[in-house]
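Peer 1: Encoded as structure tokens, here's the structure I'll be asking about.
Written out as structure tokens, the structure is:
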């Protein structure tokens, strides 16, 4: 998969592909990969979508790995006037924000306390199972400190925890 990233960087350097600026004027992201997943970020122009299609087709032919075209999705950010044209090029589905990726909600406000609901539910499930076990109060405190403190760290790597949620935990 590293060869795909290197080829994409070459296309970016050539000026054919710009990517997506997370903050205005900031560094642009064009491709993210994790395990077998690849996220490509492009402006919603048919020429950019055709470029991605060409890159993925090149990857299949050159490397011999198959792209699962049935899993392709377009997730528009904001209003995209030519969305259907882009969808036709990739022959894919349209998904809308927010979506979950690697267990984290994407496209949600970081200050919203509702994004923390799954974390709180997991904490409550852990506590409920421990209450049924024959643990002393000190044993429960130790389990809470060692195990429960690690559960929200993944979310904290992306979102600031609202005071309301911190107090609830």
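Numbering (the working numbering), first residue to last: 64 to 232.
Ideal placement from N, C-alpha and C gives every residue a C-beta, glycine not left out.
Here the structure is a predicted model, which means the values were calculated and not measured.
Alpha carbon to alpha carbon, how far is residue 216 from residue 94?
Peer 2: Taking the straight line joining both Cα atoms gives about 25 Å.
Peer 1: Answer yes if the region 140-147 comes into contact with the region 120-132, meaning at least three C-beta pairs across the two stretches below 8 Å, and no otherwise.
Peer 2: The region 120-132 vs the region 140-147: no contact.
Peer 1: Below 7 Å CB to CB, which residues in the same chain sit around residue 161 once its five sequence neighbours on both sides are set aside?
Peer 2: So the list reads 168, 169, 170 and 171, once near-sequence residues are dropped.
Peer 1: Measuring CA to CA, which of 223, 74, 225 and 186 is closest to residue 209?
Peer 2: Closest option to residue 209, Cα to Cα, is 186.
Peer 1: By the three-class DSSP mapping on this structure, what secondary structure does residue 84 have?
Peer 2: Residue state, collapsed to three classes: strand.
Peer 1: With DSSP collapsed to three states, give me the class of residue 138.
Peer 2: In this structure, residue 138 counts as coil in the three-state DSSP scheme.
Peer 1: Whole angstroms is fine: what's the gap from residue 157's alpha carbon to residue 198's?
Peer 2: Cα-Cα distance, rounded: 49 Å.
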